[in-house]
Ligand code: ADP
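Residue numbers (the numbering used here): 10 to 633.
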């Protein structure tokens with residue numbers, strides 16, 4: 010197959026790579042790699058998405074808290090300046106030591122304090138000493154410092170409640186000289202309480218406010234109150250404690266970085282027991298000198314990233330396994346196609362082989378047919394030759410057989426002439442009758458010879474009378490039989506017709522009877538029997554020809570049916586009689602066998618079976 014995408018130079022390398030990738034081990038390794046990659050990528054993406062989402066939400070909340078705090082702190086921003094223009098206070102400032110004016114100013118401040126919803130309003134002189142107040146009080150330690158610095162606000166801890174107070178300051182002037190300051194105090198505990206409440210409700214978010222010293226002054230987590238945002242060494246800790254800005258001991262170090270990213274947030278872990286990783290973001294409230302820090306719990310984001318990572322790993326594994334499945338399927342298909350091609354090739358080869366074998370077989374068959382034709386021709390010729398041999402044998406006996414009647418005929422003819430001259434017509438008639446019988450006998454012999462010598466045609470076997478065939482064979486051999494004085498016992502039913510061709514059946518019987526006569530020639534007892542026995546419930550007949558001749562030795566017995574096997578002197582035997590007879594019987598559907606007689610008896614027995622056409626039950630002794 011062509012690979013058009015690869016230049017020729019690269020093709021083997023690309024093929025090698027493809028083969029390497031299709032190995033199951035490599036594939037599993039790649040699947041593992043995909044899993045790890047999927048795990049890592051999904052974790053990273055999910056975590057980044059989660060953090061972005063969390064930081065956006067946190068920024069939004071931070072903004073909300075900042076607005077809330079600014080609004081709360083700015084709510085009373087204009088109150089001190091408004092009070093500064095009040096005539097009662099101006100009167101007080103003109104004569105600060107006047108008890109009446111102090112009382113009047115105190116009453117007015119108490120009313121304003123109640124109406125404005127602040128915690129305290131008071132007037133202090135330039136040294137930070139209280140001149141008049143909405144209620145009796147101890148001024149905060151930082152006041153003198155703040156007045157001296159000319160600040161307009163400051164934060165200080167409420168020693169009683171432990172919460173943070175916010176102080177607003179406004180200068181009071183008398184004859185262009187700084188005479189004192191109006192101070193408005195309000196407590197941030199209620200605002201903080203709402204944050205604590207919010208913090209309790211939201212498990213994931215913490216909020217804290219740090220002052221310009223980086224000390225937490227408000228927090229949704231009470232434990233972080235007055236903790237240091239970053240890190241405080243002992244000397245700093247002592248200085249903070251001595252500043253009297255904080256009601257209690259300075260809390261733990263939160264170890265937050267000095268500057269936090271505003272929008273993206275930064276991952277931190279507070280050095281506190283049970284602390285979890287958090288996302289920290291900050292917002293500056295510059296005019297107030299405060300920092301708002303929001304801390305969002307990252308546990309959920311991390312957990313979600315974990316789930317996503319396992320999902321990514323599963324996806325990677327699925328992709329890997331799917332690829333493995335597809336590649337193994339492709340490999341299986343390729344192998345199938347290869348197997349099919351090989352099968353087709355094998356099939357084509359087989360067809361070719363079968364074709365060549367068929368041609369070869371046809372050739373062999375043709376050769377065999379030719380051989381069979383030649384063999385048949387040879388067999389026909391041999392058959393004919395064997396008949397001629399038998400005829401030759403018979404000719405001597407025949408000449409004797411014919412000469413005798415001829416001599417008798419001549420004598421009878423002469424005798425008849427004389428009897429005619431004597432007028433003895435009766436005697437002549439008797440002579441003529443005898444002569445007619447003799448002629449009939451001779452013509453019978455010649456008829457048999459004629460039919461025997463005729464070459465058998467290839468017609469299928471018809472039906473023949475077994476008794477007739479036996480009798481005809483006997484007639485042919487009668488002269489020899491009589492010359493030897495053979496005692497013949499023929500037991501063949503007259504009505505028995507067998508499936509055979511009469512002429513050829515006669516030839517078989519002539520052969521068997523002839524051999525029997527030959528075997529008995531030098532024997533003192535010459536007995537010959539022919540029997541027809543029913544077998545296979547009368548559907549077949551067994552023809553037995555038995556003699557009392559010299560028999561066959563054990564060595565010769567297996568060779569009897571070999572062509573040209575003979576024990577007779579040269580010129581007398583051809584060794585073809587039994588071979589031809591067996592073949593004829595075989596053609597009739599039977600088989601010819603040689604059976605030695607029972608132990609102690611002389612002679613030989615030949616038997617063959619034939620199919621029965623009709624069988625009349627009455628057994629008759631055939632004439633010899
Ligand atoms: P041939 O008669 O020309 O020899 P056959 O094939 O008819 O040929 O017989 C072969 C041989 O079988 C004979 O030479 C003879 O030795 C033996 N043989 C056949 N029939 C008999 C028999 N009835 N008794 C003894 N030997 C026999």
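Glycine included, C-beta positions come from ideal geometry on N, C-alpha and C.
Can we count residue i as close to ligand 1, meaning its CB is less than 6 Å from some heavy atom?
i	result
residue 8	The structure shown has nothing for residue 8, since the chain only spans 10 to 633.
residue 519	no
residue 553	no
residue 584	yes
residue 613	yes
residue 561	yes
residue 577	yes
residue 569	yes
residue 528	yes
residue 618	no
residue 587	yes
Express the C-alpha separation of residue j and residue i in angstroms, rounding to a whole number.
i	j	result
residue 591	residue 533	29 Å
residue 265	residue 178	32 Å
residue 594	residue 444	39 Å
residue 621	residue 361	51 Å
residue 173	residue 224	12 Å
residue 163	residue 318	50 Å
residue 235	residue 247	14 Å
residue 290	residue 222	18 Å
residue 69	residue 335	50 Å
residue 676	residue 110	One cannot answer for residue 676 here, as it falls past the ends of the chain, which runs 10 to 633.
residue 150	residue 157	13 Å
residue 231	residue 166	15 Å
residue 603	residue 566	8 Å
residue 98	residue 254	29 Å
residue 79	residue 204	14 Å
residue 295	residue 277	24 Å
residue 171	residue 256	6 Å
residue 373	residue 364	14 Å
residue 34	residue 340	15 Å
residue 518	residue 589	12 Å
Once the 5 residues before and after residue i are set aside, which same chain residues still bring their CB inside 7 Å of it?
i	result
residue 525	537, 554, 556 and 558
residue 47	321, 322, 324 and 325
residue 125	85 and 88
residue 564	none
residue 333	36 and 40
residue 314	52, 55, 56 and 59
residue 103	183
residue 136	153
residue 551	542, 544, 616 and 618
residue 612	555, 556, 557, 558, 560 and 606
Please go through the same chain and pick out, in chain order, the residues whose beta-carbon is closer than 8 Å to the beta-carbon of residue i, but skip the five residues on each side of it.
i	result
residue 77	200
residue 599	549, 617, 618, 619 and 620
Report the residue from the options whose alpha carbon sits nearest the alpha carbon of residue i.
i	options	result
residue 139	114, 261, 442 and 216	114
residue 286	569, 215 and 431	215
residue 194	231, 239 and 148	148
residue 609	560, 294 and 274	560
residue 245	262, 229 and 24	262
residue 190	372, 152 and 413	152
residue 292	73, 513 and 374	73
residue 543	276, 337, 373 and 624	624
residue 411	280, 450, 439 and 427	450
residue 192	284, 528, 146 and 424	146
residue 81	127, 448, 388 and 180	127
residue 498	24, 476 and 436	476
Comparing the CB of residue i with every heavy atom of ligand 2, is any distance shorter than 6 Å?
i	result
residue 556	For ligand 2, the structure offers nothing, since it holds only ligand 1.
Excluding the 5 residues flanking residue i on each side, which residues of the same chain have their C-beta closer than 6 Å to its C-beta?
i	result
residue 143	118, 119, 122, 129 and 130
residue 219	225, 238 and 300
residue 540	500 and 553
residue 521	554 and 615
residue 474	506
residue 67	290, 303 and 305
residue 279	263
Query raised in the report: For the segment 47 to 67 against the segment 299 to 318, are there 3 or more C-beta pairs whose distance is under 8 Å?
Result: At 8 Å Cβ cutoff, the stretches touch.
Query raised in the report: For the segment 572 to 591 against the segment 483 to 490, are there 3 or more C-beta pairs whose distance is under 8 Å?
Result: no
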